[in-house]
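Colleague: Sharing a structure, written as C-alpha cells. Questions coming.
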Amino acid sequence: MGNYKDEISQFIYEICYPEIWKKVSDYLSIHPSVLDLTYCRVKYPDSCVIIDMVPEFARNIRIDEDHLLFDVVVSGTFDLEENNEYRPNSAELMQWLSIPCDAVVTDSLKKLSTGDITLYIPGTKSLHTEQSASGNIVPVLFKRDLEKEATAFLEKYCPEALEKPMAVPIEEIAEAMQLHIIQGYRISADFSIFGEIFFVDGQEEVSDLFKVSKTSLEVSRGTILIDAYTFWERNLGCVKNTIAHEVYHWYKHRMYAAIKHILHGKEYVACRCPADLVYPKKEENWTDEQRMEWQANNMAPRILMPYQTFKTKVEELYRKYDYPDTILKEEALNHVAQDLANFYGVSRQSALIRMIETGYKEAASIYNYDQDTPIHRYIDLHDAFYEYRTNAKFRQLLNSGRFIYADGYFVINDEQFVSREDDGRYILTDYSWAHLDECTLQFSWQTITPEAATAHFPYELFHRKNENRKVSKFESDTNASVIDLSEELKEKRAEFEAQQLVKEATKPSKTCWKYITQILDAKKISKSHFCSATLLGEEVYRKAYSDIKTKPSLRTIVAIGRGLDLSIDTVEEMLRLAGHAFDDSLESQLLEFCITGLPGESVEEANDFLESYGVDPLGSKQLR
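All residue numbers for the sequence shown refer to full-length UniProt numbering, where the first residue is 1 and numbers rise by one.
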C-alpha cells in the first residue's frame with residue numbers, strides 16, 4: 001500500500017483509478033481540443049492517447065447520501081496525432097486536468113460517473129454550494145450552518161415540519177430511509193451507549209433487559225439498536241433524540257464507514273451514541289469520530305425541533321402563560337418548558353437548551369436548576385452573592401475584574417466573550433454561547449439548612465422553609481483552565497479607553513473629589529447625566545468640582561461607581577482617597593457586590609438588589 005495523505009487519495013488511486021483512466025481516455029478521444037494546444041505543434045489533433053496519468057489531489061469533496069462527489073486533479077502525458085495527408089504530425093503534451101466524479105458507494109464502488117473534463121487552473125474557486133467534506137470523508141459542518149443543515153434534512157424527509165409546529169415523526173423518517181429500529185436489548189453492561197447504527201451486515205452481542213443472558217444478534221446494514229435502558233433509565237425524549245442522532249449518522253456518515261470498509265477491510269459496523277462524550281479542548285486535535293459525534297449530537301435536537309416553527313411554538317406558549325407581563329416569570333418558563341417537552345416528545349432539558357439556542361436566553365435561568373448534574377454554569381444573582389459572601393477565593397476572583405456577570409454567567413471580561421448593549425448592559429457574545437465551557441466559571445452544588453438559607457437569602461426567595469436548599473459552590477481547582485485564560489487575556493488586553501484615561505489621571509496627591517472630577521472629565525459626564533445616572537443630588541456634583549475638604553461617604557462613592565459603571569479598581573482608589581474601605585459586614589459586601597457583580601446595571605437595579613436584603617438604597621439625592 002502506498003503512502004496516502006488521506007482517505008480520498010487512497011480511494012481514488014486504489015479503487016477509482018482504472019475507471020477514471022478509461023473515462024478520461026474516452027473523453028479525450030472525442031474532445032482532444034479540451035487540452036491547451038497554444039504551445040503544441042499539433043494544433044488540430046485527430047486522436048489523443050494517454051501515455052501516463054497520475055492523480056495529484058482531490059478537491060470539492062461532497063457527500064450526498066450514497067454519492068461521493070469530488071473533482072480529481074490529475075497530471076498527465078498525452079500523445080497527440082494529426083492525420084494531415086501532406087505531413088502527418090504528432091507530439092507529446094503534459095497537462096493538468098480537473099475531472100468531476102460521482103461515485104456511488106455502499107459496501108463497494110457501485111458506479112463511477114464523470115462530467116466534462118477541463119484544464120486545471122490553480123486558484124479557481126469552487127462553484128459548488130453543497131456541504132463539503134474533508135479528505136477523510138468527514139462532512140465539514142460549522143456551528144453557524146447547523147440550522148441550515150437541519151432545514152435541508154427536513155426539506156427532504158419531513159417538509160411539513162418546516163411549515164407549522166409539529167412533533168417530528170422520527171421513527172417514520174427512519175422507516176422512509178429504509179432503516180430498521182430494534183429496541184429491548186442491552187447494548188452495554190454499564191449503559192455507556194444509548195444506541196448505535198450498523199453500516200454493514202454483521203453480528204452484535206447483546207444482553208436481555210436484566211443482563212441475565214447474552215446472545216449474538218444478526219443485524220443487517222441500516223439497523224439501529226436502542227439500548228433498552230434508554231427509556232427506562234432516561235425517558236422517551238432520550239429515545240427519540242437517540243434515534244435522530246443515529247438517523248443523522250446514516251444520512252451523512254455512512255459514506256465514511258463505507259470507504260473505511262472498502263479500503264481497509266475493517267468492519268466499521270456502527271456509529272455509537274455514547275451516554276457521556278467529552279470533546280477535546282480548543283488547542284487539542286479532534287479525531288474524525290469525535291467530529292462526527294459532535295455533528296450528530298448537535299443535529300438531533302435541531303431535527304426534532306426545527307428552528308422557525310419551534311420559535312412559533314414558543315411564542316404561542318409565551319402568550320398562553322402571559323410571559324412578557326407576568327411577575328411569576330420563572331413559573332411561566334417552567335410551564336413553557338414542560339409544554340414544549342410534551343409537544344415535541346423530547347426531554348425538558350432538551351427543550352430548555354433549544355430555547356436558549358433559538359434566542360430565548362431567559363431559559364438559562366431555570367436550565368441549570370432543572371437537572372441533577374453535579375456541575376452548572378448559570379447562577380442566580382442571589383446565589384452568586386451567597387458564594388461571594390461566604391467564599392473568599394470567589395470574592396477575590398471577582399474583585400480582580402477578570403470576570404464579569406452577564407446573562408446569568410460569570411464570563412471572562414474580554415471582548416471576545418462579552419459585549420455591551422447600547423443601554424449599557426453586558427451580554428455574552430455568540431462565541432461565548434457556543435463555548436461556555438471555555439470562558440465561564442462552573443459551580444458545583446452544596447446543601448445548606450433552612451436556617452442558613454434564611455440568614456443569607458431574601459425571605460421571599462425561600463418558599464420551602466422546612467427543606468434544605470441547594471446553593472452553588474465555587475472551587476478553584478475545577479476552574480483552573482478558565483481562570484488561567486482570564487489572567488492571560490487580562491495581561492494582553494487594553495482597558496476601555498475611559499478607564500485608561502482615569503488611570504493616567506491618577507496621582508497619589510489627589511483628593512477623592514479631584515479624582516472624581518477627572519473621571520467625569522475623562523468620560524465627558526455632564527451634571528444632568530451625573531445626577532440621573534447616580535441618583536445623587538446636584539450638590540454632590542458641585543462639591544466634587546469645588547474640591548471641598550469634606551470627603552464623600554462610602555455609599556456615595558458606590559453610587560458614583562455603579563452609576564458611571566466604574567471598575568472595582570477605580571472604586572477602591574476612590575475609597576482609599578476618601579479614607580474608606582469595604583469590610584466583612586453584610587452591607588459592605590452587598591455594596592461591593594454592586595460594583596463587581598452588577599456590571600452594566602443601573603443604580604435603580606442595584607437598589608432593587610440591595611432592598612431585597614433589607615439594605616437602604618443608593619442615591620438619596622442628599623449630600624453624604
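Virtual Cβ for every residue (Gly too), placed ideally from N, Cα, C. If you're wondering where the values come from, they're calculated on a predicted model, not measured in any experiment.
Would you be able to state if there are at least three C-beta pairs under 8 Å between the region 401 to 412 and the region 595 to 604?
Modeller: Segments in contact, yes.
Colleague: Over the uninterrupted alpha helix (DSSP H) stretch that includes residue 237, give me the two end residues.
Modeller: That run of the alpha helix (DSSP H) goes 236 to 248.
Colleague: Rounded to the nearest angstrom, how far is the Cβ of residue 98 from that of residue 118, given a contact under 8 Å?
Modeller: So it is a contact: roughly 5 Å between Cβ atoms.
Colleague: Out of 323, 137, 219, 200, which has the shortest C-alpha to C-alpha gap to residue 292?
Modeller: Measuring from the Cα of residue 292, the nearest candidate turns out to be 137.
Colleague: Here's the rule I'm using: 16 or more other beta-carbon atoms within 10 Å means buried, otherwise exposed. How should residue 576 be labelled?
Modeller: It is exposed - the Cβ of residue 576 has fewer than 16 other Cβ atoms within 10 Å.
Colleague: Compute the Euclidean distance between the alpha carbons of residue 255 and residue 86, then round it to the nearest angstrom.
Modeller: Cα to Cα, the separation comes out at about 55 Å.
Colleague: With a floor of 3 residues, list each beta strand (DSSP E) that falls wholly inside the region 286 to 346, ordered by position along the chain.
Modeller: The region 286 to 346 contains no whole beta strand (DSSP E) run of 3 or more residues.
Colleague: On a Cα-Cα basis, can you pick out the residue from 383, 532, 410 that is closest to residue 470?
Modeller: Answer by Cα proximity: 383.
Colleague: For residue 72 and residue 100, I'd like the C-alpha separation in whole angstroms.
Modeller: Answer to the nearest angstrom: the Cα atoms are 7 Å apart.
Colleague: Just to confirm, is the Cβ distance from residue 377 to residue 388 under 8 Å?
Modeller: No; because the gap between Cβ atoms is not below 8 Å, this pair is not in contact.
Colleague: Would you list the residues sitting across from residue 50 in a DSSP beta bridge?
Modeller: In DSSP, residue 50 forms a bridge with 78.
Colleague: Using DSSP with H/G/I as helix, E/B as strand and the rest coil, what is residue 613?
Modeller: It is coil, neither helix nor strand.
Colleague: Just to confirm the assignment, what range does the beta strand (DSSP E) spanning residue 403 have?
Modeller: Residues 403 to 406.
Colleague: Spatial neighbours of residue 106 within its chain, please: C-beta separation below 7 Å, excluding the five flanking residues on both sides.
Modeller: Cβ within range, chain order: 66, 258.
Colleague: What three-state label does DSSP hand residue 101 in the structure shown?
Modeller: Three-state DSSP puts residue 101 in a strand.
Colleague: If contact is defined by three or more beta carbon pairs under 8 Å, each pair taking one atom from either stretch, is the region 301 to 309 in contact with the region 144 to 154?
Modeller: Yes: the two stretches touch, three or more of their Cβ pairs being nearer than 8 Å.
Colleague: Could you give the distance in angstroms between the alpha-carbon of residue 367 and the alpha-carbon of residue 412?
Modeller: Each residue's Cα considered, the two are about 21 Å apart.
Colleague: Is the separation between the beta-carbon of residue 559 and that of residue 536 shorter than 8 Å?
Modeller: Cβ distance < 8 Å, so residue 559 and residue 536 count as in contact.
Colleague: Within its chain, find whatever has a CB closer than 7 Å to the CB of residue 360; leave out the 5 residues flanking it on each side and keep chain order.
Modeller: So the list reads 314, once near-sequence residues are dropped.
Colleague: With 16 other CB atoms within 10 Å as the buried threshold, where does residue 296 fall?
Modeller: So residue 296 ends up on the buried side.
Colleague: Who pairs with residue 63 in a beta bridge, going by DSSP?
Modeller: According to DSSP, which records beta bridges pairwise, residue 63 is partnered with 68.
Colleague: Could you tell me if residue 29 is buried or exposed, where buried requires 16 or more neighbouring beta carbons within 10 angstroms of its beta carbon?
Modeller: With fewer than 16 other Cβ atoms within 10 Å, it is exposed.
Colleague: Could you name the residues of the same chain whose beta carbon sits closer than 8 Å to that of residue 312, not counting the 5 residues immediately before and after it, in chain order?
Modeller: Correct list, in chain order: 164, 165.
Colleague: For residue 225, which three-state DSSP category applies?
Modeller: In this structure, residue 225 counts as strand in the three-state DSSP scheme.
Colleague: Mind checking whether residue 516 and residue 544 have CB atoms under 8 Å apart?
Modeller: Yes. Within cutoff.
Colleague: Using beta carbons (cut-off 8 Å, strictly below), is residue 320 in contact with chain D?
Modeller: Of the chains in the structure shown, none is chain D; there is only one protein chain.
Colleague: Which complete alpha helix (DSSP H) runs does the region 533 to 613 hold, if anything under 4 residues is left out?
Modeller: Counting whole runs of 4 or more residues, the region 533 to 613 contains the alpha helix (DSSP H) stretches 538 to 546, 554 to 563, 568 to 578, 586 to 596, 603 to 611.
Colleague: Mind checking whether residue 9 and residue 32 have CB atoms under 8 Å apart?
Modeller: Not a contact, by the Cβ cut-off of 8 Å.
Colleague: Could you tell me the alpha carbon to alpha carbon distance between residue 78 and residue 141, rounded to whole angstroms?
Modeller: C-alpha separation (whole angstroms): 39 Å.
Colleague: Would you identify the three-state DSSP class for residue 525, choosing helix, strand or coil?
Modeller: Here residue 525 sits in coil by DSSP.
Colleague: May I ask you to check if the CB of residue 240 is nearer than 7 Å to at least one heavy atom of the ligand MN?
Modeller: The ligand MN is not part of this structure, which contains no ligands at all.
Colleague: Helix or strand or just coil, what does DSSP make of residue 94?
Modeller: Three-state result, residue 94: strand.
Colleague: Got a sec, what are the start and stop residues for the beta strand (DSSP E) residue 253 sits in?
Modeller: Counting along the chain, residue 253 falls outside any beta strand (DSSP E), and DSSP gives it neither H nor E.
Colleague: When DSSP builds the beta bridges, which residues end up paired with residue 203?
Modeller: According to DSSP, which records beta bridges pairwise, residue 203 is partnered with 218.
Colleague: How is the beta strand (DSSP E) around residue 111 delimited, first residue to last?
Modeller: Counting along the chain, the beta strand (DSSP E) containing residue 111 begins and ends at 109 to 114.
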